[in-house]
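Below is one structure; the comments refer to it alone.
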Amino acid sequence: MMKQERARRTREKVLDAAAEEFSAQGYSRATLNAVAQRTGMTKGALYGHFASKRALAGALMSHSRKVWDEMRLTRDVPGVEAAAVLEGLVLDLAHRLKEDVRLRAALRLATDIPDPAQPHPVRPSPAEAPDIFEDVQRGLVVLIRRAQGEGSMAPRPPELVAQLLLAVLHGAPHVSFGPPEAAGPAGYDAAWRLLLEALTGADRGPAPAVAAPRA
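Position one of the sequence shown corresponds to residue 8 (the working numbering), numbered consecutively onward.
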């Protein structure tokens, strides 16, 4: 049992290191040597847990799919309007992407453009690991359509709204919203609610108060 627990901890350490590398470098520029250096392991020891860079990427994308499914099932429960589910999921994703390097890496892996000069795909196929970007986009489109059917969102193209939300989600971890005085969860949530209202035409009530800049 102790050996199994030690192997599990090492595997988690490798996944975190790979996530850091993929998030910073993308799939094509990331290397197993760099991942091994981040963990302090030899490349040979790393091979004992993952046979290839492709396998590492697949594990991270599979992990991200589970994270998304858990968030969706927690929010999308009977009796809750689709607009509220959508807002909750977008806020959950925004906060999770700031904190979870594995999810950030998976999103980058899903949006990396394969190099046509490569003889093999540069990322796992959908059969090996679902594309988290496409999976989330499909889920958002379903919720937007439901909300429009319920009359709580303007009839804007659901696919376009979902794509714009994902585009901002993809870049949001790298920027700060608002002035320094507005930093923190309240300011972050206020910015996302403003974006959702702009994209959907839905008035979600007053956003959380944000501290005014000091004179």
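Each residue gets a CB set at the ideal place from its N, CA and C atoms; glycine is no exception.
Asked                                                                                                                   : Found
Alpha carbon of Ala26 to alpha carbon of Lys20, nearest angstrom                                                        : 10 Å
Neighbourhood of Leu202 by C-beta distance below 8 Å, restricted to the same chain and skipping five residues each side : Leu172, Val175
DSSP three-state assignment for Met160, whether helix, strand or coil                                                   : coil
Nearest residue (CA-CA) to Gly55, options Ala198, Arg15, Pro162, Phe140                                                 : Arg15
Status (buried if at least 16 other CB within 10 Å, exposed otherwise) for Arg115                                       : buried
Separation of Val148 from Arg109, as counted between CA atoms                                                           : 24 Å
Cβ-heavy atom distance, Leu147 to the ligand HEM, below 8 Å                                                             : Ligands in the displayed structure: none, and consequently the ligand HEM is not present.
Backbone CA spacing between Thr46 and Arg82 [nearest angstrom]                                                          : 35 Å
Neighbourhood of Gly146 by C-beta distance below 8 Å, restricted to the same chain and skipping five residues each side : Trp75, Arg79, Leu96
Contact set for Leu39: own chain, Cβ-Cβ below 7 Å, skip 5 residues either direction                                     : Lys50, Leu53, Lys60
Backbone secondary structure at Thr17 - three-state DSSP                                                                : helix
Entirely enclosed alpha helix (DSSP H) segments - the segment 18–68, minimum 4 residues                                 : 39–46, 50–54
Nearest to Ser159 (by Cα), restricted to the options Arg36, Ala64, Glu94                                                : Glu94
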